[in-house]
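Participant:
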Amino acid sequence: MIHVHVEVERSIRNVVGKDYKEKTMKIYTFNESDMKKIMTMNDAIKAVKDAAVSYSNGKTDIPLRANLNVKEYNGNSLYMYGYVPGSNALGVKLVSVYPDNPKLGLSACPATVILEDAKTGIVNAIMDGTYLTRLRTGALSGAATEYLAKKDSKVFALIGTGGQAETQLDAVLAVRDIEVVKVYSRNTDNVKNFIDRVKVGKTQKFVACKSSDEAIDEADIITAVTVSNNPVFDGKKVKKGCHINGVGSYTPEMSEIDEYIVLKASKIIVDTMDGTINETGDFLKPMKKGLFKKEMITGELGELVEGKCKSRENDDEITFFETTGSAVYDLVTGQRVYEIGKDKGIFNTVEL
Ligand SMILES: NC(=O)c1ccc[n+]([C@@H]2O[C@H](COP(=O)([O-])OP(=O)(O)OC[C@H]3O[C@@H](n4cnc5c(N)ncnc54)[C@H](O)[C@@H]3O)[C@@H](O)[C@H]2O)c1
């Protein structure tokens with residue numbers, strides 16, 4: 000559905016006393032609480048699948064992320080931008096990385112998404128980019144899990160309880176009938192607090208695990224969403240038929256998935272080929288040793304969705320999904336938030 004940007008006319012009397020019409024820009028704004036009401040995890044999974052298909056078919060224009068170093072304040076400002084004609088999504092995600100911000104009680108990694116009307120180039124929406132990132136990143140794992148995990152998966156292990164973890168949990172629960180959720184991260188208090196917060200309203204049994212061995216024992220699905228530079232679980236202890244999502248590693252130094260899994264998985268799906276093969280230590284470390292090569296990747300999520308690459312073929316194989324993220328997922332999911340939010344009447348506005 001195409002939404003044309005709404006403008007408000009106002010009469011202005013100019014300096015020579017002649018009336019003319021000037022149009023003010025009405026911009027829709029969406030905060031986290033609006034976005035939670037607007038979009039279900041299933042809506043988000045649908046949005047990232049559409050984005051993935053457009054991307055894999057070459058129907059997107061996603062330039063390389065632009066980075067600015069703001070060295071005076073020990074900061075970096077990143078601009079992830081692009082255009083996805085099929086979803087009418089045009090815009091930019093501004094993500095800043097300011098490690099000193101927490102000392103001021105501020106987020107170290109604030110993000111904002113700005114969307115434009117593709118027809119006019121006029122800004123039509125601004126939204127909380129931190130929540131949008133969490134939503135679309137969860138949805139990416141959700142989409143991959145929907146295709147790759149065994150249908151009767153019952154036990155889910157979540158490793159990492161930081162900012163991204165809750166939507167990762169919601170996504171797996173949205174696509175499989177999970178009975179037991181096992182949670183592990185480095186800090187036991189964090190695990191307990193996380194479980195206390197997320198279990199509200201859910202019927203699953205939650206288990207706080209003291210080790211990753213305990214967490215992955217009997218797990219049908221594992222999601223790693225950590226900032227680790229080393230594997231966060233022992234790949235050899237993974238149950239036959241398990242599906243694994245690797246979400247955290249986005250630099251060559253970072254890696255959270257045991258090399259054993261990367262080499263043993265019979266299907267490896269990625270969110271974008273270019274991003275993952277150039278960014279994640281999960282691939283780059285075994286590549287450096289000559290053990291892993293690009294050809295071992297089965298395909299992109301978009302190809303999986305369209306049935307253009309192989310998916311799980313039996314209940315014994317181990318499958319692996321790796322994501323490093325891309326503006327294509329932010330913009331398409333953000334555009335959906337804007338469209339559904341407008342339809343449902345859940346938004347605020349500002350005029351410029
Ligand atoms: N793939 C994507 O599109 C995407 C999008 C957003 C964020 N991310 C990445 O996901 C990662 C997690 O993000 P976050 O905001 O939740 O981070 P966070 O800092 O809030 O939390 C990190 C979590 O990792 C855990 N952890 C670190 N080392 C561990 C180890 N060895 N074993 C077990 N747990 C360990 C910590 O205890 C913590 O719970 C980051 O690297 C982030 O950049 C990826």
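Each residue of the sequence shown is one higher than the one before, starting from 0 at the first, in numbering that gives the first Met the number 0.
Yeah, the Cβ is synthetic: ideal placement off N, Cα and C, and Gly gets one too.
1. Please report the residue range of the beta strand (DSSP E) in which Phe319 lies.
2. Is the Cβ-Cβ distance between Val231 and Ile158 less than 8 Å?
3. Could you give the DSSP three-state label for Leu351: helix, strand or coil?
4. By the three-class DSSP mapping on this structure, what secondary structure does Thr271 have?
5. Which class does Leu231 belong to by DSSP, given the choice of helix, strand or coil?
6. In the DSSP assignment, find the unbroken beta strand (DSSP E) run with Met38 in it and report its ends.
7. Taking the alpha-carbon of Thr279 as reference, which of Arg185, Glu302, Glu255 and Gly90 has the nearest alpha-carbon?
8. I need the boundaries of the alpha helix (DSSP H) containing Leu168, first residue and last residue.
9. Can you tell me where the beta strand (DSSP E) holding Glu145 begins and where it ends?
10. Taking Cβ to Cβ, would you say Leu300 is nearer than 8 Å to Ala51?
11. For Ala107, which of helix, strand or coil comes out of DSSP?
12. Below 7 Å, is the gap between the Cβ of Gly162 and the nearest heavy atom of ligand 1?
13. Which residue wins for smallest C-alpha separation from Thr23, given the options Val122, Gly161 and Met126?
14. For Arg335, which residues of its own chain have a beta-carbon under 6 Å away from its beta-carbon, when the five flanking residues on both sides are left out?
15. Work out the CA separation of Leu93 and Pro109 for me, nearest whole Å.
16. Give me the Cβ distance between Asp33 and Gly344, rounded to the nearest whole Å; I'm assuming they're in contact under 8 Å.
17. In the DSSP assignment, what residue or residues form a beta bridge with Asn66?
18. If you draw a straight line from the C-alpha of Asp116 to the C-alpha of Ile267, how long is it?
19. I'd like to check one pair, Asp257 with Asp219: are the Cβ atoms closer than 8 Å?
20. Indicate whether at least one CB of chain C lies closer than 8 Å to the CB of Gly324.
21. For Asn13 and Asn68, I'd like the C-alpha separation in whole angstroms.
22. Pro113: which of Gly289, Glu165, Met126 and Leu103 sits nearest, CA to CA?
23. Who are the near neighbours of Asn66 in its chain, counting only those whose CB is closer than 7 Å to its CB and skipping five residues on each side?
24. Can you give the Cα-Cα distance for Phe29 and Gly240, rounded to whole angstroms?
25. If you count every other CB in all the chains shown that lies within 10 Å of the CB of Asn277, and 16 or more means buried, which is it?
Facilitator: Let's see:
1. Thr318 to Glu321
2. Cβ distance < 8 Å, so Val231 and Ile158 count as in contact.
3. coil
4. coil
5. Looking at the sequence shown, residue 231 is not Leu but Val. Reduced to three states, the DSSP call for Val231 is coil.
6. Element bounds for Met38: n/a, residue is neither H nor E.
7. With distances taken between Cα atoms, Thr279 lies closest to Glu255.
8. Note, Leu168: alpha helix (DSSP H), Ala164 to Val174.
9. Run containing Glu145: none in the beta strand (DSSP E); it sits in the alpha helix (DSSP H), Gly128 to Leu147.
10. yes
11. coil
12. yes
13. Val122
14. Ala46
15. Looking at the backbone, the Cα of Pro109 and that of Leu93 are separated by about 8 Å.
16. The beta carbons of Asp33 and Gly344 sit about 10 Å from each other, so the pair does not count as a contact at 8 Å.
17. Leu77, per the DSSP bridge assignment.
18. Roughly 36 Å between the two C-alpha positions.
19. no
20. The chain labelled as chain C is not found in the depicted structure, where only one protein chain is given.
21. With a pLDDT of only 45 at Asn13, under 50, the local geometry of the prediction cannot be trusted, and the value read off the model is given with reservation. Taking the straight line from one Cα to the other gives about 43 Å.
22. It should be pointed out that residue 113 corresponds to Ile in this sequence rather than to Pro. Selection Gly289, Glu165, Met126 and Leu103 evaluated against Ile113 yields Met126 as nearest (Cα-Cα).
23. Asn75 and Leu77
24. 40 Å
25. exposed
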